[in-house]
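Since the structure comes first, as structure tokens, the remarks are kept for the end.
In our numbering, the protein residues as written are 1 to 229.
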């Protein structure tokens with residue numbers, strides 16, 4: 001991406017973080033939890049006026065900045081919140097975060113007719129879905145083993161001719177980190193693929209961490225890849 005690039009970060013709204021509270025308490029407390037919900041949302045929203053952000057999304061942005069610097073970029077890429085993008089929408093964009101936290105991600109996946117997406121099931125759990133083959137990838141976690149998934153989309157910008165957009169999103173934070181890791185560790189390959197597939201491409205990536213907090217290993221891989229239609 002050129003010098004006129006912008007990273008677009010999402011935010012965790014207080015409403016989104018709190019809205020399922022009544023469903024997570026015992027039945028005899030549901031009515032009280034429902035009544036308290038507006039106060040909980042207000043209190044959470046007031047904790048940090050600049051907004052809240054998932055650690056995985058933040059780590060993804062750090063990895064992008066470090067990867068671009070390693071590739072020769074001399075200046076940090078400007079970062080803007082999705083609701084404060086303004087005229088920067090016309091720049092080359094690196095959009096970080098899923099549909100539930102980043103409105104630009106949601107808009108781009110729709111405009112680009114992407115067939116990989118991130119959705120929620122009946123239990124309010126996120127998953128990556130291949131809309132063509134109706135296959136889902138869900139996060140799994142036990143004491144020493146974590147699997148998560150994410151998506152990468154690169155395409156000509158629907159906002160400005162001559163510009164490009166990259167979307168990095170995950171089922172949860174680890175998946176977003178994996179998307180960033182794959183993207184920045186294959187910058188040349190991504191550039192080659194952009195020339196090979198001028199209409200853009202989309203892929204699903206995996207994240208796997210095994211071991212304890214004191215001693216663990218991480219791997220990220222591409223699970224599915226195809227040209228945008």
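For every residue, glycine included, the Cβ atom is placed at its ideal position computed from N, Cα and C.
Closest to residue i by C-alpha separation, out of the options, would be which residue?
i           : options           : result
residue 209 : 27, 83, 173, 80   : 173
residue 55  : 11, 43, 94        : 11
residue 306 : 155, 189, 96, 145 : With the chain covering only 1 through 229, there is no way to say anything about residue 306.
residue 157 : 112, 82, 24, 221  : 112
residue 58  : 139, 136, 102     : 102
residue 66  : 184, 218, 20      : 184
residue 38  : 205, 21, 160      : 21
residue 94  : 27, 26, 176, 46   : 176
residue 120 : 77, 84, 137, 74   : 137
residue 109 : 165, 74, 46, 87   : 165
residue 83  : 73, 68, 74, 107   : 107
Which same chain residues, not among the five before or five after residue i, have their C-beta less than 7 Å away from its C-beta?
i           : result
residue 143 : none
residue 76  : 65
residue 53  : 9, 11, 12
How far does the alpha helix (DSSP H) with residue i in it extend, from its first residue to its last?
i           : result
residue 99  : Note, residue 99: premise wrong, no alpha helix (DSSP H); not H, not E.
residue 175 : 173 to 184
residue 32  : 30 to 45
residue 67  : 55 to 70
If residue i and residue j are in contact, beta carbons under 8 Å, what's the gap, nearest whole angstrom?
i           : j           : result
residue 196 : residue 153 : Not a contact, Cβ separation roughly 15 Å.
residue 151 : residue 64  : About 15 Å; that fails the 8 Å criterion.
residue 96  : residue 9   : 5 Å
residue 171 : residue 128 : 6 Å
residue 4   : residue 126 : The pair is not a contact, with the Cβ atoms about 32 Å apart (cut-off 8 Å).
residue 132 : residue 115 : 5 Å
residue 159 : residue 206 : So it is not a contact: roughly 30 Å between Cβ atoms.
residue 155 : residue 199 : 7 Å
residue 220 : residue 178 : 4 Å
residue 90  : residue 163 : 7 Å
Going along the chain, which residues of its own chain have a beta-carbon closer than 6 Å to the beta-carbon of residue i, five neighbours each way excluded?
i           : result
residue 140 : 147
residue 227 : 197, 201
residue 30  : 22
Please return the same chain residues whose Cβ sits closer than 8 Å to the Cβ of residue i, not counting the five positions on each side in sequence.
i           : result
residue 61  : 7, 9, 79, 96, 180
residue 98  : 10, 105, 118, 126, 169, 170, 171, 176
residue 224 : 116, 130, 203, 204
residue 218 : 207, 208, 209
residue 81  : 8, 9, 10, 11, 51
Which residue comes first and which comes last in the beta strand (DSSP E) that contains residue i?
i           : result
residue 7   : 5 to 9
residue 127 : 126 to 130
residue 135 : 135 to 138
residue 149 : 145 to 156
residue 120 : 116 to 120
residue 221 : 216 to 227
residue 209 : 201 to 211
residue 24  : That residue, residue 24, is in no beta strand (DSSP E); it is neither H nor E in DSSP.
residue 12  : Where residue 12 is concerned, there is no enclosing beta strand (DSSP E), given that its DSSP letter is neither H nor E.
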